[in-house]
Amino acid sequence: MNIIVTGASGFVGRHLIPALEEQGHIIYDLSSSNFTDIWFLDNIDYVIHLAVKTAAGGYCQTHPGEQYLSNTSINTDMLFAWKNKYPQAKMITFGSSCGYDKNVIKTEDNYLKGEPEPGYEVYGTIKRSLLVGLKALKQEYGMNYSYLIPSVFYGPEYDLHDKHFIFDLIRKIVNAKNGGDKVVLWGTGDQTRELIFIKDAVDIIIQAMTWDKEIVNLSSGKEYSIKEYAQTICNIVGYDFNLIEWDTTAFVGSSNKKLINTHLQDYNFTSLEEGLKQTIEYYENRSRSSK
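If you use this note's numbering, the sequence shown corresponds to residues 2 to 292, in order.
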């Protein structure tokens, strides 16, 4: 199959493209440097649209205008090209859990109800708008898509400067174990989050190529508190969890109810401990090689 992958240089793309190539697919990988090539490709069977402008660590709150303009342009260009150049191709793309209203039960039927999560209104609205566009193109032109609403992805090959909470936890605890600064984490540690190991995410994305499902929560249905994540990391690296300090004045974000695992109940997700072991090993190896 001929497959376009946008956002190919990102975290998901770095794992997805080798997996697709291993299956024998021909990949046209597009990043910011060659994104306009979407207009010059033919005979495309699938479009996997990963390209997005965002970042953890407060970007959504401090750059709402930049985020809106960049992502609106990316998504509009992508939908125009899809419709005009390869309407026969199925698109697989992503929403965001912050697109859910904080008061609804997080099932796919409720995704467009209410308002996006407070603090992430712009990003949530952008992702909702992408879904509205997909629905409109399907309604008028019969085009097919699967729209995945994921929890946070984690695993090896991440950028070491990534500020998502799990990478920050690993960095702080491993560095403290090796004689660095004491570990200070935000909030009480009782706030909860859900993670999806990147190899599971890639496998599910590939499965979605043959789905007839339009909207799916890419969720394990399990969430853990920050304390539980920190304790597991401490156990793996051999650091005393009781040495961690908690900054209850820090912004901790939301701690809403988890995504409801509607379609993936039978999927055998990687255990938290195994996923963290692989991620920690990657961080330790990269840290040693950079010295």
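C-beta atoms are modelled at their ideal positions from N, C-alpha and C, and glycine is treated no differently.
CA-to-CA distance, residue j to residue i, given in whole angstroms
| i | j | result |
| --- | --- | --- |
| G276 | I127 | 30 angstroms |
| A9 | I237 | 31 angstroms |
| V153 | F270 | 14 angstroms |
| E67 | Y121 | 14 angstroms |
| E274 | R194 | 15 angstroms |
| K278 | Y284 | 10 angstroms |
| S74 | G239 | 47 angstroms |
| F81 | D191 | 44 angstroms |
| Y112 | C99 | 10 angstroms |
Own chain residues within Cβ distance below 7 angstroms of residue i, not counting five before or after
| i | result |
| --- | --- |
| P88 | Y142, M144 |
| I28 | I4, V6, I18, L21, E22 |
| Q62 | G120 |
Continuous beta strand (DSSP E) stretch holding residue i: start and end
| i | result |
| --- | --- |
| M92 | 91-95 |
| N1 | Beyond the ends of the chain as shown, which are 2 and 292, falls residue 1; an answer cannot be given. |
| F36 | Looking at the DSSP string, F36 is not in any beta strand (DSSP E), and its letter there is neither H nor E. |
| I49 | 47-50 |
Residue burial classification, residue i (beta-carbon count within 10 angstroms, cutoff 16)
| i | result |
| --- | --- |
| V184 | buried |
| K91 | buried |
| A137 | exposed |
| K173 | buried |
Opening and closing residue of the alpha helix (DSSP H) in which residue i lies
| i | result |
| --- | --- |
| T77 | 65-86 |
| P19 | 12-23 |
Heavy atom of the ligand COA within 7 angstroms of residue i beta-carbon
| i | result |
| --- | --- |
| L219 | You won't find the ligand COA in this model; it holds no ligand whatsoever. |
Beta-carbon contacts of residue i that lie in its chain and below 8 angstroms, excluding the five residues immediately before and after
| i | result |
| --- | --- |
| T263 | T108, E109, V217, N218 |
| Q24 | I207 |
| K214 | S147, H264 |
6 angstroms Cβ shell around residue i - same chain, five flanking residues per side excluded
| i | result |
| --- | --- |
| L149 | F95, V217, L219 |
| H16 | I199, V203 |
Those runs of the beta strand (DSSP E) which lie wholly inside the region 211-245 and span at least 3 residues: 216-219
Return the chain-ordered ranges of every beta strand (DSSP E) run that is complete within the region 142-208 and spans a minimum of 3 residues. 146-151, 153-155, 185-187, 196-198
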